[in-house]
Amino acid sequence: MRVLVAHNRYQFSGGEDAVVHDEVALLRNHGHAVKLLEQDNDAIQGVRGKLIASASIFYSSSSRRRMKQVIKDFRPDIVHVHNWFPMLSPSIILEARTSGIPVVQTLHNYRMLCANALLHRDGAICTDCVGRSFPIGGILHGCYRKSRAGSAIVTAAFAYHRLMRTWNCVDLFIAVSEFEREVLVGGGLPAEKVVVKPNFVSLNTRETNTDKREVALYVGRLSPEKGLRTMLTAWSSDRIPLRLKIIGNGPMSDEVRRCATNNSRIEYLGPQPPQVVYREMAEAKFLVFPSEWYETFGRTVVEAFSQGTPVLAADLGGMRQLVKDGVTGYRFSPGNVESLIAGTLRFPTGIEYKQMSTNCRAFYLREFTGEINYVALMDIYRRAIAIRTDKSVS
Numbered sequence: 473m474r475v476l477v478a479h480n481r482y483q484f485s486g487g488e489d490a491v492v493h494d495e496v497a498l499l500r501n502h503g504h505a506v507k508l509l510e511q512d513n514d515a516i517q518g519v520r521g522k523l524i525a526s527a528s529i530f531y532s533s534s535s536r537r538r539m540k541q542v543i544k545d546f547r548p549d550i551v552h553v554h555n556w557f558p559m560l561s562p563s564i565i566l567e568a569r570t571s572g573i574p575v576v577q578t579l580h581n582y583r584m585l586c587a588n589a590l591l592h593r594d595g596a597i598c599t600d601c602v603g604r605s606f607p608i609g610g611i612l613h614g615c616y617r618k619s620r621a622g623s624a625i626v627t628a629a630f631a632y633h634r635l636m637r638t639w640n641c642v643d644l645f646i647a648v649s650e651f652e653r654e655v656l657v658g659g660g661l662p663a664e665k666v667v668v669k670p671n672f673v674s675l676n677t678r679e680t681n682t683d684k685r686e687v688a689l690y691v692g693r694l695s696p697e698k699g700l701r702t703m704l705t706a707w708s709s710d711r712i713p714l715r716l717k718i719i720g721n722g723p724m725s726d727e728v729r730r731c732a733t734n735n736s737r738i739e740y741l742g743p744q745p746p747q748v749v750y751r752e753m754a755e756a757k758f759l760v761f762p763s764e765w766y767e768t769f770g771r772t773v774v775e776a777f778s779q780g781t782p783v784l785a786a787d788l789g790g791m792r793q794l795v796k797d798g799v800t801g802y803r804f805s806p807g808n809v810e811s812l813i814a815g816t817l818r819f820p821t822g823i824e825y826k827q828m829s830t831n832c833r834a835f836y837l838r839e840f841t842g843e844i845n846y847v848a849l850m851d852i853y854r855r856a857i858a859i860r861t862d863k864s865v866s
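Residue numbers (the numbering used here): 473 to 866.
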């Protein structure tokens, strides 16, 4: 099968970029020809760059021409869109439809329902705009980058594409969890077009004899909606006996660095390559996942499970499907410092901890390996091709 993958990379590399990299490698390892059509948000520089990005959300003739040429040269059997926002533009989806190529799109966030893509505003979950044809609330609150003008452009663009039925050109949408699917369908996407395929972890580096340390670990983007301030406040207390290591990058990097400088029990390692992340995960007693928005999946949770490391997660969204209390970790009340502190003290020792570690590893092997994911991905591709073929015949 010949697969054209389209992805607009982020300025701060994160889970979505890793998922795209891993899926492309997975397909190539199974003998498929894969072409990666990428765009970088670093191209958005100055007033002119921002104007081009704003226009691209509606339509981009240059992106469409680029897509047309790639389809002509590569002759894909299917197009898999991960993220088109903002520079690749929905124009690539329109061109794929015009060319008769089936399209699937993975929805890694809630951008189709929410201006900031997070369903999170002023430090709390917000679903005010879900299900509205023109969600003015996102504009009034300046939800996109704290800008009413920017929010108006994003909101108008998605309203335009709903009106023009652009999303009808997508044969199947992929949600990465059952929770995300429920939210998306509740927000108006047709239930029959939204399928679930979780993300996976490609590296399998766990050493069975790895000794756990009295260390908790955070891995991820350093931004407010990730619950960083709740976690840092908890570790400012002397009631948690474990050290905390933090790996990642983002807008809160300087704040995290200052906290680490002033607290000897916090160590900020900055961004690290996968081999270092996995080693730290294998050695940590548990991973902290304090996110305060409706995470669609939580890739780092599965990464921790692959290393036999349980997770302390905020009791929110998809985490309820991943972190089972007392089985693969524990959950705490999101944004609640006292609840987080109490959660750190719940982890057992000895045989009970080893059983929890075994549970995590078994859950990973049962649900989240590359081979399991490959079978699911191929099934989705075949379904999308069948749908497009049926429409062409009719």
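Every residue, glycine too, gets a C-beta built ideally from N, C-alpha and C.
Helix, strand or coil for residue i, going by three-state DSSP, please let me know.
i: Lys684; result: coil
i: Phe758; result: strand
i: Thr578; result: strand
i: Tyr531; result: coil
i: Gln779; result: coil
i: Asn513; result: helix
i: Ala848; result: helix
i: Ala589; result: coil
i: Asp862; result: helix
i: Glu654; result: helix
i: Lys540; result: helix
i: Gly660; result: coil
i: Leu741; result: strand
i: His479; result: strand
i: Met473; result: coil
i: Arg715; result: strand
i: Arg730; result: helix
i: Ile813; result: helix
i: His493; result: helix
Kindly indicate which residue of the options has the alpha-carbon position closest to the one of residue i.
i: Arg784; options: Cys731, Pro806, Thr768 and Tyr632; result: Inspection of the sequence shows that residue 784 is occupied by Leu rather than by Arg. Among Cys731, Pro806, Thr768 and Tyr632, the Cα nearest to that of Leu784 belongs to Pro806.
i: Lys717; options: Leu704, Arg617 and Leu689; result: Leu689
i: Val542; options: Val477, Leu612 and Thr733; result: Val477
i: Ala786; options: Val774, Glu775 and Tyr802; result: Tyr802
i: Tyr766; options: Asn640, Val492, Ile813 and Arg653; result: Arg653
i: Gln793; options: Tyr825, Lys757 and Cys832; result: Cys832
i: Lys544; options: Leu579, Arg474 and Pro713; result: Arg474
i: Ala856; options: Ser605, Thr578 and Ser532; result: Thr578
i: Gly780; options: Pro820, Glu764, Tyr825 and Leu741; result: Tyr825
i: Asn735; options: Gly503, Ser533 and Asp710; result: Asp710
i: Lys796; options: Asp489, Gly595 and Phe835; result: Phe835
i: Pro745; options: Glu764, Ile719 and Gly798; result: Ile719
i: Tyr531; options: Leu694, Ile625 and Ser708; result: Ile625
i: Thr821; options: Glu567, Met850, Ser534 and Lys757; result: Lys757
i: Arg634; options: Gly609, Phe651, Cys615 and Ser605; result: Ser605
i: Pro607; options: Leu585, Ala596 and Asp851; result: Leu585
i: Ile800; options: Asn845, Gly609, Pro713 and Thr830; result: The residue you asked about is not Ile; residue 800 is Thr in the sequence shown. Comparing Cα positions, the closest option is Thr830.
Is the beta carbon of residue j closer than 7 angstroms to that of residue i?
i: Asn755; j: Arg685; result: Note on identity: in this sequence residue 755 is Glu, with Asn being the wrong assignment. In this structure, Arg685 lies closer than 7 angstroms to Glu755 by Cβ.
i: Ser674; j: Asp494; result: yes
i: Gly789; j: Phe804; result: no
i: Arg536; j: Ser571; result: no
i: Val551; j: Ile516; result: no
i: Asp512; j: Arg538; result: no
i: Arg715; j: Arg737; result: yes
i: Leu498; j: Gly842; result: yes
i: Ala706; j: Val809; result: yes
i: Ile611; j: Arg617; result: no
i: Gly487; j: Arg730; result: no
i: Val655; j: Val666; result: no
i: Asn671; j: Val492; result: no
i: Val506; j: Val519; result: no
i: Thr627; j: Ala587; result: yes
i: Glu510; j: His479; result: yes
i: Ser725; j: Leu694; result: yes
i: Ile565; j: Val575; result: yes
i: Arg470; j: His613; result: An answer regarding residue 470 cannot be provided, because it is not within the stretch 473 to 866 covered by the chain.
i: Arg860; j: Asp549; result: no
Since I believe residue j is in contact with residue i (beta carbons under 8 angstroms), could you give me their beta-carbon distance rounded to a whole number of angstroms?
i: Pro782; j: Met828; result: 5 angstroms
i: Leu591; j: Thr599; result: 6 angstroms
i: Gly622; j: Gly660; result: With 8 angstroms as the limit, Gly622 and Gly660 do not qualify as a contact, their Cβ atoms being about 23 angstroms apart.
i: Cys641; j: Arg569; result: 4 angstroms
i: Leu759; j: Val773; result: 7 angstroms
i: Glu764; j: Gly699; result: 4 angstroms
i: Ala858; j: Lys669; result: That pair is no contact at about 17 angstroms.
Taking 6 angstroms as the cut-off, does the CB of residue i come closer than this to any heavy atom belonging to the ligand GTP?
i: Arg653; result: Among the components modelled here there is no ligand, and therefore nothing to report on the ligand GTP.
May I ask you to verify whether the segment 738-753 touches the segment 634-653, counting CB pairs closer than 8 angstroms and requiring at least 3? no
Should the segment 516-526 be regarded as contacting the segment 553-569, the criterion being three or more beta carbon pairs within less than 8 angstroms? Judged by Cβ distances under 8 angstroms, the segment 516-526 makes contact with the segment 553-569, as three or more pairs qualify.
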